[in-house]
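The block underneath contains the structure these notes are about, expressed in structure tokens.
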Amino acid sequence: MTRTVSDSDSVRRQNRGLVLSALRMQGAQSRTALASLTGLSHASMTAIMSDLLSQGLVAELIADRPDGRARGRPATFVNFARNAAHAALFELDVNRARLSLIDYGGVLVDRIETDLTPTTFAGIAPCRFLSDRLDALLARTPAAQKTLRRVAISVQGILERDGRGLRWSPIQHLAGAPFATELSEARGLPVTLHKRGRLLAEGARWLDPALHEASVATVFVGSTVAMGVTFRGQIMGRGDEGATEFGHMNHVPNGALCRCGMRGCIEAYAADYAVLRNAYSVPETAPPAPAVPAQQYEMLMQRAESGDRSATHAFNLAGRAIGFGLSRLLAIYDPSHILIVGPGARALELMRPEIDQAIKTSLVGSINGAPNIIAHRDETEPIFKGLLMKTLNDIDQVDFAPLPSTERAGTAG
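Under this note's numbering, the sequence shown has 75 at position 75, and the numbering climbs by one with no breaks.
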């Protein structure tokens, strides 16, 4: 009897998860459309939808009539009940911390932004910093305190293999501190860490339906250089929380000093601090600038566009480093698109000649040519979208797809 109940629970959990996943991917749908999308019978769909409605996880919507006709029964759609759950999303990078509150429908409710400096986390423990800002956000939306399900954090750096800690980060004084674990214990909530490169790939899929099932390499160029990749729509990386270390692939042995402490990384030639260093002929062994103001990076682009030889040379070196990195990538992986995102996306045309030339020097590049390389100016959009969808999917599948404990107890009895 126990085995029968367990098997039944597993099937029901799987079916509930299918329905929630279909709604998450496709948006508001009719019951008939959901049955078609999931392959479930109409009877099963009716039972599942009845449960989800009674639990307050979804709500019914009356569909608008596109043709304006008034006769006949209007179609009834279902979609997520926005106030059923909330999540807090932190995005941490070298220059900024951004905390967003989202509801279960994926709608942005509120947001707080704070500038970061190289000494921010020397003066305040990361857990305290995050907790204070979470308090400030929830104070502005008190109703979300009871329905907050998760805190998800996007970070730059190298995660522990179990995804629970940060081994290294360009954000000074952040790595090594068990801030995610401490915040989870203090709040009694799951707190997850996510690598920014992976979120770039995840977000790019969601923002452009044409790329949802494509093989895409998404390259961030700015304060660091990072990459996330998908293979026919599936996220690739070192484990569920991993991502490639494209920016720290060696470009020139014993070359320019990288912010990570190694020498010769792609980032040491292509990140904003590398362009700044080369534009002013600073020795390659000089320590990288802790942070480069956006206005200064933009000024370097303007100088290069106006023909300044030093700035042009600096962006040529950046394009060459990215290009040779991509040529190595193409030897083992064949994306149909390469998206350049972040502040450096505006410099793509300055870097493109060297990127194209470097790709042409490889065997695969000389035969197949370069993939479609596209600039996407706002890196925050795919990162935020990737973090949002990953977190909401976790709430769907971990929190709400399982049967409520009272319903399981009733079934077992």
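For glycine and all other residues, C-beta sits at the position ideal for the given N, C-alpha and C.
- Counting only runs of 3 or more residues that sit fully inside the stretch 202–281, the beta strand (DSSP E) segments are 216–221, 225–231 and 234–236, in chain order.
- For arginine 150, the closest C-alpha among the options Thr391, Ser8, Leu40 and Phe400 is that of Thr391.
- Counted as a single uninterrupted DSSP element, the alpha helix (DSSP H) harbouring isoleucine 322 occupies residues 309–330.
- Scanning Ala358, Gly307, His337 and Pro293 for the CA closest to the CA of leucine 317 turns up Ala358.
- Tyrosine 280 counts as exposed, since fewer than 16 other beta carbons sit within 10 angstroms of its beta carbon.
- Given a length threshold of 4 residues, each whole run of the alpha helix (DSSP H) inside the stretch 123–192 is given here in chain order: 126–140 and 179–187.
- In the structure shown, glutamate 284 falls within a coil segment according to DSSP collapsed to helix, strand and coil.
- In the DSSP assignment, valine 58 is bridged to Phe80.
- Counting along the chain, arginine 98 sits inside the beta strand (DSSP E) bounded by residues 96–103.
- For the set Phe121, Gly123, Glu113 and Phe80, the Cα lying nearest the Cα of glycine 106 is the one of Phe80.
- Taking C-beta atoms as the reference points, leucine 388 and isoleucine 102 count as a pair closer than 8 Å.
- Serine 41 sits exposed, since fewer than 16 C-beta atoms from the chains shown fall within 10 Å of its C-beta.
- When the five nearest sequence neighbours on each side are left out, the beta carbons in the same chain lying within less than 7 Å of the beta carbon of arginine 12 are those of Leu403, in order along the chain.
- Annotated three-state conformation of threonine 361 is coil, per DSSP.
- Annotation: arginine 346 is outside any beta strand (DSSP E) and is labelled neither H nor E by DSSP.
- The closest CA to that of valine 221, considering only Tyr333, Gly325 and Gly365, is found on Gly325.
- Residue environment for methionine 227: buried (at least 16 other C-beta atoms within 10 angstroms of its C-beta).
- The DSSP-derived three-state label of leucine 40 is coil.
- The stretch 246–260 makes no contact with the stretch 368–378; the number of CB pairs closer than 8 Å stays below 3.
- Excluding sequence positions up to five before and after alanine 347, its CB lies within less than 7 Å of the CB of Met301 and Phe315, all in the same chain and listed in chain order.
- As DSSP reads the structure, leucine 89 sits in a beta bridge with Ser100 and Ala152.
- With a beta-carbon spacing of about 13 Å, histidine 173 and alanine 97 fall beyond the 8 Å limit used to define contacts.
- Counting the other CB atoms within 10 Å of its CB gives proline 170 a total of 16 or more, which places it among the buried residues.
- Serine 30 is bridged by DSSP to Phe77.
- Looking at the DSSP output, threonine 114 bridges to Ala97.
- When DSSP states are grouped into helix, strand and coil, leucine 108 belongs to the strand group.
- Under the three-state reduction of DSSP output, alanine 401 falls in the coil class, being neither helix nor strand.
- Of the residues Thr46, Asn83 and Arg232, the one whose Cα lies closest to the Cα of proline 209 is Arg232.
- The continuous beta strand (DSSP E) containing alanine 375 extends over residues 372–376.
- Around the Cβ of lysine 360, a 10 Å sphere holds fewer than 16 other Cβ atoms; the residue is exposed.
- Classified as exposed, asparagine 368 has fewer than 16 neighbouring CB atoms from the shown chains inside 10 Å of its CB.
- The stretch 259–270 makes no contact with the stretch 333–340; the number of CB pairs closer than 8 Å stays below 3.
- Across the structure, alanine 274 and glutamine 397 are spaced so that their CA atoms are roughly 42 Å apart.
- Annotation for alanine 294: the continuous alpha helix (DSSP H) segment containing it runs 294–305.
- Burial is judged here by how many other beta carbons sit within 10 angstroms of a residue's own beta carbon; serine 327 has at least 16 and is buried.
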